[in-house]
Amino acid sequence: MCSPRTATPRTCSARWNLNWHRVVCALVVLVLSAAAVPTVVQLDAASTWARTYHGDGGAFGQGVLRMPRGDIVFTGTLEGSLLVTRLTSEGEVRWSNTYGLAASNAEEMARAIACTPSGMLVFREWQLIRLNDSGTVRWAHNYSVYTESDAWRVTAFTDVVQLADGGFVACGMSYYDRVFLCRLKADGTVIWAKTYPLERFIGARVFVLAGGGFLLSATSLDQTNGTHTVGLMWLNEDGKVQRSLTYEDTTTPKSSYGQMMNMAMTSTGPVLCQWRYSQGCFGTNIIKLDMAGSVEWTTWVGGLRRGGAEAGLWGVDVGLDGSLVLVGATTEFSEHDD
Numbered sequence: 140m141c142s143p144r145t146a147t148p149r150t151c152s153a154r155w156n157l158n159w160h161r162v163v164c165a166l167v168v169l170v171l172s173a174a175a176v177p178t179v180v181q182l183d184a185a186s187t188w189a190r191t192y193h194g195d196g197g198a199f200g201q202g203v204l205r206m207p208r209g210d211i212v213f214t215g216t217l218e219g220s221l222l223v224t225r226l227t228s229e230g231e232v233r234w235s236n237t238y239g240l241a242a243s244n245a246e247e248m249a250r251a252i253a254c255t256p257s258g259m260l261v262f263r264e265w266q267l268i269r270l271n272d273s274g275t276v277r278w279a280h281n282y283s284v285y286t287e288s289d290a291w292r293v294t295a296f297t298d299v300v301q302l303a304d305g306g307f308v309a310c311g312m313s314y315y316d317r318v319f320l321c322r323l324k325a326d327g328t329v330i331w332a333k334t335y336p337l338e339r340f341i342g343a344r345v346f347v348l349a350g351g352g353f354l355l356s357a358t359s360l361d362q363t364n365g366t367h368t369v370g371l372m373w374l375n376e377d378g379k380v381q382r383s384l385t386y387e388d389t390t391t392p393k394s395s396y397g398q399m400m401n402m403a404m405t406s407t408g409p410v411l412c413q414w415r416y417s418q419g420c421f422g423t424n425i426i427k428l429d430m431a432g433s434v435e436w437t438t439w440v441g442g443l444r445r446g447g448a449e450a451g452l453w454g455v456d457v458g459l460d461g462s463l464v465l466v467g468a469t470t471e472f473s474e475h476d477d
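Letter 315 of the sequence shown, counting from 1, is numbered 454 in the working numbering, and no numbers are missing.
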């Protein structure tokens, strides 16, 4: 049984330096002909296809988004610049743009969310870029979130949600052992920002609760016998912690590590994905909670053979019927036989 742990966020006070400014984007429109977008595999002419884009090298796809009317948007980098490409449901290019917003760390993912009534918001490291449906820039800001005590002033967004009023709530990582949450207006200006005692491993997720407020998740600072735990914080609309819980991996065989890999929200409660390591094998522990945060069930998947640390289910999504879809890497075809 998980007992609640209290935590008090540091508010945006005089000790804070939260700065934003407009970024002038260098916009390059790439017009792709049919010859430049060759079909690699046509698995099913009606509904399934596979294609390559930007085949001349230097392009890395990192995020994919299904738009409300069926279009597909993928994000990534092209020769160091942020790349956003919008496709029809059949894979034809509507537009493909690069933006002069190179990140300092190539490992930071570029992702996007669809916005209401139209367009999308792209986030990568410290950058938020609001795009219209046509790919033109509505606004773009850099953000810096830190306290005066931080040795390194790092800001990296890991999740963004649009709110009913058109604004946004965004979470991410600042310095070690610190996760931030900020409330933004529709134009990206900051209303408030707060930090929380959560660890910056992999990332943090934020969800809007039906009754108001937010659910913030990341790796907890609390450990059980040297093993990490996942922390959830229930926040009010001003970002104040109402309560918090931590969750450990209770499955067998006994596991170490325990950091949060990802989280999804179903109609009946959250699902946590937790990194596990046991007897040379990496895998993923899945914890299903009810809306109050009580554990309904837990199980682990993968990790049947020895292999690298990348062997885990890092992506999770929820189907229309409430089923879970997980994606990642496996060591099933590892050279190890034990």
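Ideal Cβ positions, reconstructed from N, Cα and C, are used throughout, including at glycine. Only a predicted model underlies this, so the values are computations on that prediction, with no experimental measurement involved.
(request) For Thr237, count neighbouring C-beta atoms within 10 Å of its own C-beta (all shown protein chains included) and say buried if the count is 16 or more, exposed if not. (result) Residue environment: Thr237 is assigned as buried (16 or more neighbouring CB atoms within 10 Å of its CB, all protein chains considered).
(message) For Asp388, which residues in the same chain have their Cβ closer than 6 Å to its Cβ, ignoring the five residues on either side in sequence?
(response) Cβ-Cβ distances below 6 Å link Asp388 to Ser394, Gly397, Gln413, Arg415, Asn424 in the same chain, with the five nearest sequence neighbours on each side left out; the list follows chain order.
(message) Between Asp298, Thr191, Ser417, which has its C-alpha nearest Thr366's C-alpha?
(response) Of Asp298, Thr191, Ser417, the residue nearest in Cα terms is Ser417.
(message) Let me check one thing: in DSSP terms, what residues is Phe199 bridge-paired to?
(response) Within the DSSP bridge table, the entry for Phe199 names Thr216 as partners.
(request) Taking only runs that begin and end inside the segment 373–436, name each unbroken beta strand (DSSP E) of 3 or more residues, in chain order. (result) Runs of the beta strand (DSSP E) inside the segment 373–436: 380–386, 395–405, 408–417, 420–428.
(message) I'd like to check one pair, Pro336 with Leu354: are the Cβ atoms closer than 7 Å?
(response) Not closer than 7 Å, so no.
(request) Identify which residue in Val203, Glu264, Thr216 has its Cα closest to the Cα of Ala253. (result) Of Val203, Glu264, Thr216, the residue nearest in Cα terms is Val203.
(request) With DSSP as the reference, label Lys324 as helix, strand or coil. (result) Of the three classes helix, strand and coil, the one that applies to Lys324 here is coil, per DSSP.
(request) Tell me, to the nearest whole angstrom, how far the beta carbon of Leu320 is from that of Val308; I am working on the premise that it is less than 8 Å. (result) Sure, about 7 Å apart at Cβ, within 8 Å.
(message) I need the straight-line Cα distance from Leu222 to Val440, nearest angstrom please.
(response) Whole-angstrom Cα-Cα distance: 34 Å.
(message) If contacts are defined as beta-carbon pairs under 8 Å, then Val284 and Thr294 qualify, I think. What distance do you get, rounded to the angstrom?
(response) So it is a contact: roughly 5 Å between Cβ atoms.
(message) If you reduce the DSSP assignment to three classes, tell me which class Glu338 lands in.
(response) Strand at Glu338.
(request) Reducing DSSP to helix, strand and coil, say where His280 ends up. (result) Judged by DSSP in its simplified three-state form, His280 adopts strand.
(message) Less than 8 Å between C-beta atoms, sequence neighbours within five positions excluded: which residues of the same chain meet that for Val434?
(response) Same-chain partners within the cutoff: Cys141, Tyr386, Ile426, Lys427, Leu428.
(request) Starting from Trp234, trace the beta strand (DSSP E) both ways and give me its first and last residue. (result) First-last of the beta strand (DSSP E) with Trp234: 232–238.
(request) Report the three-state DSSP secondary structure of Arg208 (helix, strand or coil). (result) If DSSP states are grouped into helix, strand and coil, Arg208 belongs with coil.
(request) Could you pull out every residue in the same chain whose Cβ sits closer than 6 Å to the Cβ of Ser257, ignoring the five residues on either side in sequence? (result) Around Ser257: Asp272.
(message) I'd like to check one pair, Gln381 with Trp492: are the Cβ atoms closer than 7 Å?
(response) As displayed, the chain neither begins before 140 nor continues past 477, which places residue 492 out of reach and without an answer.
(request) Give the range of the beta strand (DSSP E) segment to which Asp304 is assigned. (result) Premise fails: Asp304 is in no beta strand (DSSP E) and is neither H nor E.
(message) Given a cut-off of 7 Å on the beta-carbon distance, is the pair Leu267 and Gly219 in contact?
(response) In this structure, Gly219 does not lie closer than 7 Å to Leu267 by Cβ.
(message) Starting from Val347, trace the beta strand (DSSP E) in both directions and tell me its first and last residue.
(response) Counted as a single uninterrupted DSSP element, the beta strand (DSSP E) harbouring Val347 occupies residues 344–347.
(message) Between the alpha carbons of Tyr192 and Trp265, how many angstroms are there, rounded?
(response) If you take the alpha carbons of Tyr192 and Trp265, they lie about 27 Å apart.
(request) Tell me where the beta strand (DSSP E) around Thr363 begins and ends. (result) In the DSSP assignment, Thr363 falls within the beta strand (DSSP E) that extends over 353–363.
(message) Taking the beta carbon of Arg208 as the centre, do at least 16 other beta carbons fall within 10 Å, making it buried, or is it exposed?
(response) Counting the other CB atoms within 10 Å of its CB gives Arg208 a total below 16, which places it among the exposed residues.
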